[in-house]
Amino acid sequence: AQKITQTQPGMFVQEKEAVTLDCTYDTSDPSYGLFWYKQPSSGEMIFLIYQGSYDQQNATEGRYSLNFQKARKSANLVISASQLGDSAMYFCAMRDRTSGSRLTFGEGTQLTVNP
Amino acid sequence: DAGVTQSPTHLIKTRGQQVTLRCSPKSGHDTVSWYQQALGQGPQFIFQYYEEEERQRGNFPDRFSGHQFPNYSSELNVNALLLGDSALYLCASSLEAGKSSGNTIYFGEGSWLTVV
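Top to bottom, those sequences are chains A and B. 925 is the number of the first residue of the first sequence in this note's numbering; add one for each residue after it. 914 is the number of the first residue of the second sequence in this note's numbering; add one for each residue after it.
Now the structure itself:
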């Protein structure tokens, strides 16, 4: 069975600084994908970044990068140059071959960016 | 290019009533999944539709049912509403797993359901 663990219920960061949000996962399938989503208070789940288990390089999308450590089963999200608009809930999720496009989510991390 | 659209955005129902939520997937996507997100928790998978059939189901009772139409849009129906059904209901669209590179899963803005 798949499992996603996000151990930081809340994180605080100063504007313009970098922040790392932790995510560890568990699956017995060697082929899987890891996702990060941002959820503002409005509720929409906004796709940020994706990492496939066979990808050779860490994924990057603008200010977002994924620190993928396969042996440790971790997929931490790094946000550089934080902005006030980054304040939101962040979810790590995964899928594997048995789940298809069904995602398993973690409990989320509430990020607050301070001016 | 329209993204995933859901309706209604907010609704209030009384215990015992029935509710129908609607979702139109992103253009080009053929698979629709529904998730329930209770306050302060991560989304939980309800079920997934592909080719107008339920392909996967999470741990939800039969009161939760769905449908997919030939144009790939989908409905989520919940019967005999309970107070505990109050949640944000999210629709996700994607390509069928065999067709997709794996990273094309997009969500709508959700439907906030309050049961009183």
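For every residue, glycine included, the Cβ atom is placed at its ideal position computed from N, Cα and C.
The C-beta separation of Gln981(B) from Tyr962(B) comes to about 4 Å, placing the pair in contact by the 8 Å criterion. For Asn990(B), the enclosing beta strand (DSSP E) has its first and last residue at Ser987 to Val991.
Scanning its chain for C-beta atoms nearer than 6 Å, with the 5 sequence neighbours on each side dropped, one finds around Glu967(B) the residues Phe960, in chain order. Within chain B, Gly955 have C-beta atoms less than 7 Å from the C-beta of Phe1015(A), given in sequence order.
Counting along the chain, Cys1004(B) sits inside the beta strand (DSSP E) bounded by residues Ala1000 to Ser1007. Closer than 7 Å at the C-beta level to chain A, one finds these residues of the segment 956 to 989 of chain B: Pro956, Phe958, Gln961 and Gln969. Judged by pairs of C-beta atoms under 8 Å, the segment 984 to 991 of chain A does not touch the segment 1030 to 1037 of chain A, as fewer than three such pairs exist. DSSP places Lys994(A) in no beta strand (DSSP E); its state is neither H nor E. Per DSSP, Phe973(B) has no beta bridge partner at all. Around the beta-carbon of Asn972(B), fewer than 16 other beta-carbon atoms lie within 10 Å, marking it exposed. Given a length threshold of 3 residues, each whole run of the beta strand (DSSP E) inside the segment 965 to 1036 of chain A is given here in chain order: 970 to 976, 988 to 993, 998 to 1003 and 1012 to 1020. Annotation for Thr944(B): the continuous beta strand (DSSP E) segment containing it runs Thr944 to Gln950. Bridge partners of Val937(A) according to DSSP: Val1037(A). Bridge pairing for Leu995(B): absent [DSSP]. By the neighbour-count criterion, in which a residue is buried when 16 or more other Cβ atoms sit within 10 angstroms of its Cβ, Gly967(A) is buried. Secondary-structure assignment with DSSP links Gln957(B) through a beta bridge to Gln949(B).
A check of alpha carbon separations from Thr929(A) across Trp960(A), Ala1005(A) and Asp1010(A) identifies Trp960(A) as the nearest. Shown here, Ser937(B) sits in a strand according to DSSP, grouped into three states.
Interface criterion met: the Cβ of Ile1018(B) is under 7 Å from a Cβ in chain A. Taking 8 Å as the upper bound for CB-CB distance, Leu1008(B) and His942(B) are in contact here, some 6 Å apart.
Going by C-alpha positions, Ala983(A) is about 11 Å away from Val1002(A). Around Trp1025(B), the beta-carbon contacts reaching into chain A at under 8 Å are Gly967.
The C-beta of Ser999(B) comes no closer than 7 Å to any C-beta of chain A. For Phe982(B), the three-state secondary structure derived from DSSP is coil. Straight-line measurement puts the Cα of Val945(B) at about 10 Å from the Cα of Glu964(B).
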